[in-house]
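Each number in the numbering used here corresponds to the 1-based position in the sequence shown with 18 added. Backbone N, C-alpha and C define an ideal beta-carbon position, used for all residues, glycine too. Predicted, not measured: the structure shown is a model, and the values here were computed from it. Just below is one structure, and these are the notes that go with it.
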Amino acid sequence: MPHWTFEDIPAQTGRVAVVTGANTGIGFEAARALARKGADVTLACRNVDKAQAAVERILRETPEATVSQAALDLSDLRKVEAFAARFAEQHTRLDLLILNAGVMVPPESKTAQGFELQFGVNHLGHFALTGALLPLVRASEGARVVVVSSTAARFGAMDFDDLQFEKRGYKPWPAYGQSKLANQLFTLELQRRLAASGSSVLVTAAHPGWTATDLQRSSGVARFFNPLLAMKPAQGALPTLRAATDPTARGGDYFGPSGFLQMRGYPRRVPMVKSAHDRSAAARLWEISEALSGVRYEC
Ligand SMILES: NC(=O)c1ccc[n+]([C@@H]2O[C@H](COP(=O)([O-])OP(=O)(O)OC[C@H]3O[C@@H](n4cnc5c(N)ncnc54)[C@H](OP(=O)(O)O)[C@@H]3O)[C@@H](O)[C@H]2O)c1
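In structure tokens form, the structure reads like this:
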């Protein structure tokens with residue numbers, strides 16, 4: 019079977035896309051590719067200067083692109099709400115919502131509302147964002163929500179009695195794994211809820227294997243092995259782009275690199291971890307996420 023590449027992305031003209039954390043890394047490459055294919059792309063980023071530099075980089079390469087940036091800090095639920103309100107004022111549709119932003123193994127830190135940072139940004143901020151933007155997504159024929167997870171979900175476990183690592187003490191890698199398993203549980207639960215409410219919106223997921231980006235800023239070991247093992251961001255973005263645009267994708271599909279241990283290669287369908295299919299854990303995470311974020315979904 020031939021490799022799935024940038025050339026396989028269908029024309030995106032007329033489609034409106036939001037990519038979180040799009041100023042750098044995989045998010046930037048995904049935004050750049052979608053803009054080159056004709057989508058109207060908003061780079062939703064916490065640092066406005068970095069975001070503007072990314073917009074200008076895309077426009078230098080593709081002057082006819084429709085691309086802009088807007089401030090979104092997923093570590094503050096009030097700022098998530100403000101982003102969604104502003105976006106909804108300016109748009110009547112949202113065809114592609116790509117939940118890409120992420121942090122990995124930072125020193126112990128909390129979101130503005132006091133949640134462990136990786137749970138707060140990687141899962142809860144995106145949960146709140148999606149809930150707030152869902153009316154626009156549902157209003158768009160053929161819309162998709164794409165969740166960026168990780169192979170780290172393999173060692174992830176949901177500890178519902180201590181989601182914030184307060185009782186057991188902060189452990190960076192288990193906290194990252196938990197947040198990335200939460201991404202997969204959320205993907206499947208959102209897809210089930212949308213389907214049950216009669217919506218045709220697809221929820222898909224992807225992971226970029228091992229890709230050299232700023233994500234490894236807090237891990238010396240990962241940075242050390244980057245030159246040997248990691249892919250470049252443009253290739254690392256392909257699973258996300260396939261999850262977002264492959265016309266044959268189905269709800270709940272998960273795409274990752276095809277090579278050894280899914281670290282490198284071209285995107286193909288890959289299985290989610292077994293615990294992502296635990297429906298009672300997904301329902302519990304959903305209820306907790308609604309309570310913690312204060313965002314109630316329409317489905
Ligand atoms: N690289 C890999 O090997 C790998 C493997 C598995 C999964 N992933 C996943 O892929 C996704 C993209 O990661 P990447 O490798 O491209 O990393 P990256 O280059 O560090 O990009 C992460 C993006 O998220 C943004 N971000 C961080 N905290 C945020 C916040 N509070 N609010 C809004 N945006 C925030 C960052 O903004 P700043 O630039 O301002 O920090 C950056 O734009 C993540 O979900 C990550 O978990 C990556």
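| query | Which residues does DSSP pair with ALA88 in a beta bridge? | reply | ALA62
| task | Apply the 10 Å Cβ neighbour rule to PRO153 and answer buried if 16 or more other Cβ atoms are within range, or exposed otherwise. | result | exposed
| query | In its own chain, which residues sit with a C-beta less than 6 Å from the C-beta of SER215, not counting the 5 before and 5 after it? | reply | CYS317
| Contact check, ASP94 vs THR42, beta carbons under 8 Å | Going by C-beta atoms, ASP94 is not nearer than 8 Å to THR42.
| query | Does the Cβ of SER167 have 16 or more other Cβ atoms within 10 Å, making it buried, or fewer, making it exposed? | reply | buried
| Where does THR169 sit, in a helix, a strand or coil, going by DSSP? | helix
| task | Could you have a look at THR258 and say whether DSSP puts it in helix, strand or coil? | result | helix
| request: Check the DSSP bridge columns for THR263 and list the partner residues they point to. | output: According to DSSP, which records beta bridges pairwise, THR263 is partnered with nothing at all.
| message | With H, G and I counted as helix, E and B as strand and the rest as coil, what does DSSP make of ARG162? | response | strand
| task | Flag this pair as yes or no: are the beta carbons of VAL163 and THR258 separated by less than 8 Å? | result | For VAL163 and THR258, no; Cβs fall outside 8 Å.
| query | What did DSSP end up calling PHE273 once you bin it into helix, strand or coil? | reply | strand
| Near ligand 1: LYS68 beta-carbon under 7 Å from a heavy atom | Under cutoff, so the answer is yes.
| query | How many angstroms separate the CA atom of GLU126 from the CA atom of ALA71? | reply | 29 Å
| task | Return helix, strand or coil for VAL98, following the three-state DSSP convention. | result | helix
| Tell me which same chain residues have a C-beta within less than 6 Å of the C-beta of VAL291, skipping the five on either side of it? | ALA171 and ARG172
| field | Bridge partners - LYS128, DSSP secondary structure assignment | value | The secondary-structure analysis by DSSP pairs LYS128 across a beta bridge with GLU134.
| Cα-Cα separation, ARG75 to PHE178 | 43 Å
| Should the segment 202-216 be regarded as contacting the segment 227-245, the criterion being three or more beta carbon pairs within less than 8 Å? | no
| said: Within 10 Å of its beta-carbon, does GLN209 have 16 or more other beta-carbons around it, so buried, or fewer, so exposed? | reply: buried
| Roughly how far, in whole angstroms, is the beta-carbon of SER311 from the beta-carbon of PHE145, given that I think they are within contact range, below 8 Å? | 6 Å
| query | Taking buried to mean at least 16 other C-beta atoms within 10 Å of its own C-beta, is VAL313 buried or exposed? | reply | Buried, by the Cβ-count rule.
| Does the separation of the CB atoms of GLN30 and THR60 fall below 8 Å? | no
| query | For ILE116, which beta-bridge partners are listed by DSSP? | reply | VAL37 and VAL164
| query | Are the beta-carbon atoms belonging to ALA223 and ASN201 less than 8 Å from one another? | reply | yes
| Roughly how many angstroms separate the alpha carbons of GLY254 and ALA261, rounded to a whole number? | For GLY254 and ALA261, the distance between alpha carbons rounds to 13 Å.
| message | With a threshold of 7 Å (Cβ to nearest heavy atom), would GLY283 be considered close to ligand 1? | response | no
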